[in-house]
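Residue numbers (UniProt numbering): 1 to 325.
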Amino acid sequence: MAAGSRPVTLRLPLLHSGQHEVLRVEHRLIGVDGAVLGRPQHPLSVRRIVPVPYTAPAHLPLPRRLRGLTGTHDSSRPGDGGDFRDVHPFAPGDRLRRIDWKATARRGRFAGDLYVRRTAATSDATVVVVLDSGDDLGEQVASWSRSAGATTGTSSLDIAREAAGSLAAGYVRAGDRVGFHDLAGAARMIAAGGGQRHLWRLLRAIELTGPSGVRSRRRRPPVVPADALVYVLSTFLDEEASRMAELWSAAGHRVIAVDVLPTPRFTGASRAERLAHRIVIMNRGDRIRSLQAQGVEVLRWQDDGPADPREARLRALCRPLRDRR
């Protein structure tokens, strides 16, 4: 065979987001008439990354308490830049231009009593997106028992990557700080930060997330900043992600469990697979109800129909708990 190089053009359909091995070449040398047989050489692998499709939500829930010193959200402490907070007696440090003469005339009882109009300080939120990449399940229930993962349709990791990218983009563009954890991969952790460059880092880490199949039990949950809003993206088919969510909730964080399990389809599923699916979903339902009993809020990311769109569910999470029905 003459030495040299030849260009090879391939067209492959990539149905899922994330990292894919599009080409793998292995070779060995064979002598004339098979007299000499070489060892297999190190395979050549070509990988490509399919960008994660994301859309920044219009409605974004906030943590219970805001600790940032500057941002776009009204905090509970008095300061400058926010909406009207209250009318308060004049105190050392208050600016003279904040004196409310009408309130002073109405409330003042003694000479020298002054009242000022106070506004709320603005603050940013700290959000941590936690993705459970331990498994990757497709729409077809018949494929759940296979180790190859989903081959057609939407998979749970497709939904999880889209949700993680959308939430990260939404909060970063709102001026908030966002961090990322991969429950199944200890090396994939990004501390909370803000800005466009940080968003690119987050999206890159989300794109590199793949099914690991690792189910190691953690002794303690990953450390997150104080008073952070924690999103846990998982299928919740096992207890590890739900246990982490309960621990974060018990530590005082607001936790939102994002259900990324795709709508099941039973094409080609046997009777035994249908029965196994019912049992798994029943256990999963008990696990989700236990989360809600512990104060964890639940959000299903995939739209199952036009009657309950995702934006409506996010808008409901933005309302105070006492105003929800």
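Where a beta carbon is used, it is the ideal one built from N, C-alpha and C, also for glycine.
{"query": "Endpoints, the beta strand (DSSP E) within which A276 is located", "result": "Careful: A276 lies outside any beta strand (DSSP E), inside the alpha helix (DSSP H) at 271-293."}
{"query": "Rounded separation between P306 and L299 - CA only", "result": "16 angstroms"}
{"query": "Rounded distance between the beta-carbons of V178 and A192, thought under 8 angstroms", "result": "6 angstroms"}
{"query": "Backbone CA spacing between L183 and A174 [nearest angstrom]", "result": "26 angstroms"}
{"query": "Pair within 8 angstroms by beta-carbon distance, V260 and V128", "result": "no"}
{"query": "C-alpha distance - R274 paired with L203, whole-angstrom precision", "result": "36 angstroms"}
{"query": "Where E21 falls: helix, strand or coil (DSSP)", "result": "strand"}
{"query": "C-alpha gap between R284 and V172, whole angstroms", "result": "32 angstroms"}
{"query": "Within-8 angstroms CB hit, G268 to chain D", "result": "Structure shown: chain D not included; a single protein chain is present."}
{"query": "DSSP-derived helix/strand/coil call for G193", "result": "strand"}
{"query": "For L131: DSSP bridge partner residues", "result": "D182, L233"}
{"query": "For V141 and R278, the rounded distance between their alpha carbons", "result": "11 angstroms"}
{"query": "Option nearest R65 by Cα separation, candidates I281, T267, V255, D308", "result": "V255"}
{"query": "Environment of V36 [buried if 16+ CB atoms lie within 10 Å]", "result": "exposed"}
{"query": "C-alpha distance - L237 paired with V258, whole-angstrom precision", "result": "13 angstroms"}
{"query": "D86 beta carbon less than 8 angstroms from that of R47", "result": "no"}
{"query": "Distance between beta carbons of M244 and P264, contact taken as under 8 angstroms", "result": "That pair is no contact at about 25 angstroms."}
{"query": "Cross-strand partners of H88 (DSSP beta bridge)", "result": "V116"}
{"query": "Selection from G18, A125, G295 that minimises the alpha carbon distance to A226", "result": "A125"}
{"query": "A251 to L233 span [Cα, whole Å]", "result": "19 angstroms"}
{"query": "Residues near V25 by beta carbon distance below 6 angstroms, same chain, minus five either side", "result": "L44"}
{"query": "Test item: CB-CB of I190 and G165 under 8 angstroms", "result": "no"}
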